[in-house]
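Quick notes on the structure that follows.
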Amino acid sequence: MSAPDRDRMVAVPAAAGRAVPEARAGQRLVIDAAALPEVVFGRRALTWWATAGFILIEGTTLAVLAASYLYLRINAAEWPPRPASAPALLLPTLGMLALLVKCVPMLLASRAAQRLDLARTRRWLTIATLIALATLVIRWFEFKHSLNVRWDTSAYGSALWGVYVAHSSLMATDALEIGTIAAVFHTGRVEPKHFADVEDSAFYEYFLSLAWVVLYAIVVLGPRVL
Amino acid sequence: VHFALWLIGVNLTFFPMHALGLAGMPRRLYTYPDGMGWQPGNVAATIGAYVIGLSVLVFVINVVQSRRRGALAGDDPWLADTLEWGTTSPPPSYTFARPPVVQGRAPLWTRTPDAPVVVGLSTESREVLVTTMLDAEPHSRHEDPGPTIWPLIAAVAVGIFFIWLMFSPWAVVWGGVLLFLAFLGWGWPRHRDGTRREPRRPAEVS
């Protein structure tokens, strides 16, 4: 057993994990775990389930906030209530598109990670991190210029800011996360399990972007078109 | 005797409390105005509490006596069917030297002498076997982290974050930075490429 980690990881014998008689142990059956892979992807991985659970929690938070927003809306005579006006279209649309664009390098990073391709994973992670930072900058200016209401002006303002702040805090922590993973991939300290982290991170990334498409439709487009 | 006294005492103490609660007596208060009609229930509860006390006394005597000159129970006094009885008592810190393979719903009763065991997990790191969810087919190994001080540091950072938050909203920013640093220290890889030793995997089965 002196093969480097990576060789053992990719080459999984077909019989791995099955009970096989081991010669040195007489007739006793053993299950040889050493032949099993150390890194698995997708729903085979423990961390994938943790990520799915996290998505469930955060998705519920966002859904509750969206529900409060809509509840206020169906009970309001005027939406948005004066003196507020509907959020501007330009920056929020730009921000939403940037979030969608970010999914592309994450998808490519995740594909490269499944092939344990260090160079490509590193490159796409770096690009995704830069786009994540750009989405944060856009979001900052959305707060400053696009919302057209203060959080304490009315219940409408609070509901809108609630949705925005919740999603933005997820975006900020997410940018830290992929930034950190990208940083790890730029050090000489990459371990096989980090490749699986990239895939889980991408999984979360898709959730965050798609959630915003829905929320954007509700709080930015909603007051204008519906 | 301990069990009988306990059963009677607990019911005598707590059952009247249901009735008292329905009659309007507030919880967890020992005084009440005279003439509310709550006295019989409370007297019963008090007697019950003394019975519980008596039962605990019997229990303590029981423990001391067993400790002094009781028969040793052994590893599996119940001839139980479940895995936790399959190791020695008291168990070693690792419970099983090799993960046993379960062959049926009552693992210890259905275990055959040639039951397979799992070998090949690392002896130098905390490696566990991961199986499929329904059929429990082994499919990978998962390495748990070793001992580290970082979770404690992260817990302290979380504490600072929330206590600070009671006094200033800036805790979100600076406490957030603190938290990030704690989690960074926790998660940052320790091994440089190639310096991580291949875990030793004993091949022989004892």
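Just so you know, the protein sequences line up as chains H and W, in that order. Take the first sequence: its letters are residues 14 to 239, numbered as in our numbering. Take the second sequence: its letters are residues 6 to 211, numbered as in our numbering. In this text, a Cβ means the ideal position worked out from N, Cα and C, and glycines have one as well.
Grab me the residues of H/L115's own chain with a C-beta within less than 8 Å of its C-beta, minus the 5 sequence neighbours each way, in chain order. A small fix is needed here, since residue 115 of chain H is Lys in this sequence, not Leu. Result list for H/K115: A141, I144, A145, T148, E218, S222, in chain order.
With C-beta atoms as the reference, is W/L134 less than 8 Å away from H/A46? Yes, they are a contact pair.
Taking DSSP as the reference, what is the three-state secondary structure of W/V124? Of the three classes helix, strand and coil, the one that applies to W/V124 here is strand, per DSSP.
Any beta-carbon of chain W closer than 8 Å to the one on H/I44? Interface residue, yes.
Interfacial residues, the segment 206-239 of chain H to chain W, with Cβ spacing under 8 Å: Per Cβ criterion, the list reads K206, H207.
Can you check the segment 47-90 of chain H for any alpha helix (DSSP H) of at least 4 residues that lies completely inside it and give the ranges in chain order? Complete alpha helix (DSSP H) runs here, min 4: 59-87.
Mapping DSSP to helix, strand and coil, what is H/L228? In the structure shown, H/L228 sits in a helix (DSSP, three-state: H, G or I).
What does a CB cutoff of less than 8 Å around H/F220 pick up in its chain, not counting 5 residues either side in sequence? So the list reads I68, E71, G72, once near-sequence residues are dropped.
For H/A101, go through chain W and note every residue whose CB falls closer than 9 Å to its CB, in chain order. Per Cβ cutoff of 9 Å: no residues; H/A101 is ~26 Å from chain W at best.
Within 10 angstroms of its Cβ, does W/F8 collect 16 or more other Cβ (buried), or is it exposed? W/F8 should be labelled exposed.
Using the beta-carbon count (16 or more within 10 Å), is W/P143 buried or exposed? So W/P143 ends up on the buried side.
Can you tell me where the beta strand (DSSP E) with W/E132 in it begins and where it stops? From DSSP, the beta strand (DSSP E) with W/E132 extends over 131-136.
Exposure of W/T128, with buried meaning 16 or more beta-carbon neighbours within 10 Å: That one is exposed.
Can you tell me where the beta strand (DSSP E) with W/D149 in it begins and where it stops? Start and end: 143-149.
Is the distance from the Cβ of W/P121 to the Cβ of H/I44 below 8 Å? Taking 8 Å as the Cβ cut-off, W/P121 and H/I44 qualify as a contacting pair.
Close-in-space but distant-in-sequence residues of the same chain around H/G170 (CB under 7 Å, 5 per side omitted): Answer for H/G170: A97, V162, R163, W164, listed in chain order.
The alpha helix (DSSP H) with W/P194 in it runs from where to where? It is not in any alpha helix (DSSP H) - W/P194 carries neither H nor E in the DSSP assignment.
Look at the Cβ atom of W/L25, then the Cβ atom of W/W43, and state whether they are nearer than 8 Å. Contact: yes.
Alpha carbon to alpha carbon, how far is W/W90 from W/D80? So the alpha carbons of these two residues sit roughly 7 Å apart.
Any beta-carbon of chain H closer than 8 Å to the one on W/V106? So, interface residue.
Which first and last residues belong to the alpha helix (DSSP H) in which H/L138 is found? Where H/L138 is concerned, the enclosing alpha helix (DSSP H) stretches over 131-154.
According to DSSP, is W/F154 helix, strand or coil? Reading off the sequence shown, one finds Ile at residue 154 of chain W, where the question assumed Phe. Under the three-state reduction of DSSP output, W/I154 falls in the coil class, being neither helix nor strand.
Taking the C-alpha atoms as reference points, what is the distance between H/W92 and H/R237? If I take the Cα positions, the gap works out to 9 Å.
With respect to the alpha helix (DSSP H) encompassing W/H23, which residues constitute its N-terminal and C-terminal limits? Unbroken alpha helix (DSSP H) run through W/H23: 7-27.
Exposed unless 16 or more other CB atoms sit within 10 angstroms - verdict on H/R37: Model confidence at H/R37 stands at a pLDDT of 43, short of 50, so the residue's coordinates are unreliable; what they give is reported in the following sentence. Under this definition H/R37 is an exposed residue.
Per DSSP, what kind of secondary structure is H/D210 in: helix, strand or coil? Helix at H/D210.
Count the other CB atoms, across all protein chains shown, that sit within 10 Å of the CB of H/V52; report buried if there are 16 or more and exposed otherwise. With 16 or more other Cβ atoms within 10 Å, it is buried.
Which runs of the alpha helix (DSSP H) spanning at least 4 residues fall entirely within the segment 15-98 of chain W, listed in chain order? Correct list: 44-74.
Just grab the DSSP bridge partners of H/D45 for me. DSSP lists W/V124 as partners of H/D45.
From W/N67 to W/G53, what distance separates their C-alpha atoms? Using only the alpha carbons, I get a separation of about 21 Å.
Measure the alpha-carbon distance for H/F198 versus W/T137 and round it to whole angstroms. Computed Cα separation, rounded: 30 Å.
Own chain partners of W/W11 with C-beta closer than 7 Å, once the 5 adjacent residues on each side are dropped: The answer, listed in chain order, is I57, S60.
Can you tell which of H/R124, H/A125, H/A101, H/A185 has its C-alpha closest to the C-alpha of H/A230? Just measuring C-alpha positions, the residue of H/R124, H/A125, H/A101, H/A185 sitting nearest H/A230 is H/A101.
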